[in-house]
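Enquirer:
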Amino acid sequence: MAGPGVVAGDEESVLSGSRVQPFSTPMEERGNVKDTGRHKPTSLSEILGLKDFFSLEVWRASVAELLGMAVLVFALDTIVISSYETDTKTANLIMSFLIAITVAILLLATSPVSGGHVNPVITFTAALTGLISLSRAAVYILAQCGGAVLGALALEAVVNSKIEQTFSLGGCTLNVVAPGPEGPVTIGLGLVQALWLEIICTFVFLFTSIWIAIDHRQAKALGRLIIFSIIGVVVGLIVFISTTVTGTKGYAGVGMNPARCLGPALVRGGHLWSGHWVFWVGPAIACVGFYLYMKVVPTKHFHHAEGYKYDVLNILKASFA
């Protein structure tokens, strides 16, 4: 669960003084919008954006992704634990509401620096569509995974062992081992059902909120506060739906953020690794599906001011040219 990189086109970056666009390439690469849109990468280094991999600005921007993900994991997992610890019949509703607020705030905090991805799903989608290079995407995802581990370690340091064991650090679970009349039994959600939930929910997330964010016309008209609020609400609604529609004990709800699931799994281990691949494969399939959808939509109905010079299909064409 969590957040994309979106910023209204008419907002100024407090760090660079240049205009920040949705899913923008921050700092030094914003340059001339028109030139960026017309430029066609030729060499393999340019196609992959290798200069980003060796750019100090990119690595500095990735610090925002690392810290943003650390805070996200700590906050979200705390929300998950506290919601189910509360004596209420609407724990999933409370949890979804708090998650929506948390996501919106973190996007506002990280967007001026890194574009505010805080989610490999967003970074991967941005790379597929060509809004950022594959090299920048690799740096960001590495930072996001590192931040998730830091957030899980921070949570482990402040909760007691009983809560840690009972709620699995608030991590992404498909099933848990529970006591039964004839000994321990495994309860939870099947792999196929969980995989479909990840694919559908992630696609819905991209379609209903990220679509608005990466179209600079809507981003400029709505402003980043409204866009971030919309994204937070969409994430909260999807979490609520996924936990309600299944009603299965042992299933923690849809992930939609592989790094967020990875952090607790690395720290806590155990059954958190059971079916963990679902939280990566499902979102990845959804990202590819969303990218293909974007390629079908007429270009006049979809615009981004900075162009799509790293578009995957363009890279493939250039590779075989």
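Using the UniProt record's numbering, read the sequence shown as starting at 1 and increasing by one per residue. Positions of the beta carbon are idealized from the N, C-alpha and C atoms, including for glycine. Note that the coordinates shown come from a computational prediction; the quantities given were computed from them, not determined experimentally.
#1: Work out the CA separation of Phe290 and Leu189 for me, nearest whole Å.
#2: Considering only residues of the same chain and omitting the five flanking positions on each side of Phe124, which have a CB-CB separation below 6 Å?
#3: Quick check: the Cα distance between Val297 and Phe279, rounded to an integer number of angstroms?
#4: Within a Cβ cutoff of 8 Å, which residues of the same chain sit near Ala91, ignoring the five residues on either side of it in sequence?
#5: By Cβ distance below 7 Å, which residues in the same chain neighbour Val71 in space, the five residues on each side in sequence not counted?
#6: Would you tell me roughly how many angstroms separate the C-alpha atoms of Phe228 and Met256, rounded to the nearest one?
#7: Answer yes or no: do Val234 and Thr208 have a C-beta to C-beta separation smaller than 8 Å?
#8: Per DSSP, which residues does Val188 bridge with? Please list them.
#9: Assuming contact is defined by CB atoms lying nearer than 8 Å, are Gly116 and Leu195 in contact in what I supplied?
#10: Would the beta-carbon of Gly232 fall within 8 Å of that of Ala104?
#11: If distances are taken between C-alpha atoms only, which option among Ile132, Val113, Ile122 and Ala109 comes closest to Glu46?
#12: Evaluate the contact criterion for the segment 264-278 versus the segment 217-224: three or more CB pairs, one atom per stretch, below 8 Å.
#13: Just to check my reading of the structure: Gly68 and Thr110 have Cβ atoms closer than 8 Å, yes? What is that Cβ distance to the nearest angstrom?
#14: With 16 as the cutoff for other CB atoms within 10 Å, does Tyr293 come out buried or exposed?
#15: Go ahead and label Asn119 buried or exposed: buried means 16 or more other beta carbons lie within 10 angstroms of its beta carbon, across all protein chains shown.
#16: Can you give me the C-alpha to C-alpha distance between Ala157 and Cys145, rounded to a whole angstrom?
#17: Taking 8 Å as the threshold (C-beta atoms), are Gly170 and Ile241 in contact?
#18: Give every residue of the same chain whose Cβ lies closer than 6 Å to the Cβ of Phe74, excluding the five residues on either side of it in the sequence, and list them in chain order.
#19: Report all residues from its chain with a CB closer than 8 Å to the CB of Ala127; omit the five preceding and five following residues, and keep chain order.
#20: Kindly indicate which three-state DSSP category His271 falls into: helix, strand or coil?
#21: Given this structure, state the Cα-to-Cα distance separating Gln193 from His271, to the nearest angstrom.
#22: According to DSSP, is Phe205 part of a helix, a strand, or is it coil?
#23: Which residue comes first and which comes last in the alpha helix (DSSP H) that contains Thr86?
#24: Taking the alpha helix (DSSP H) that His216 falls in, what are its first and last residues?
#25: Using three-state DSSP, classify Asn119 as helix, strand or coil.
#26: Which one of Ile187, Val121 and Lys162 has the shortest CA to CA distance from Leu142?
#27: At which residues does the alpha helix (DSSP H) containing Tyr140 begin and terminate?
#28: Can you look up Val239 in the DSSP assignment and give me helix, strand or coil?
Expert: Reading from the atomic positions:
#1: 25 Å
#2: Cys287
#3: 28 Å
#4: Ser83 and Tyr84
#5: Leu106 and Gly151
#6: 17 Å
#7: yes
#8: A small correction: the amino acid at residue 188 is Gly; Val does not occupy that position in the sequence shown. Gly188 pairs with Asn175.
#9: no
#10: yes
#11: Ile132
#12: no
#13: 4 Å
#14: exposed
#15: buried
#16: 19 Å
#17: no
#18: Gly151, Ala154 and Leu155
#19: Ser133, Leu134, Arg136, Ala137, Tyr310 and Val312
#20: helix
#21: 18 Å
#22: helix
#23: Taken as a continuous stretch (DSSP letters only), Thr86 belongs to no alpha helix (DSSP H), as it is neither H nor E.
#24: His216 to Leu222
#25: coil
#26: Val121
#27: Leu134 to Val158
#28: helix
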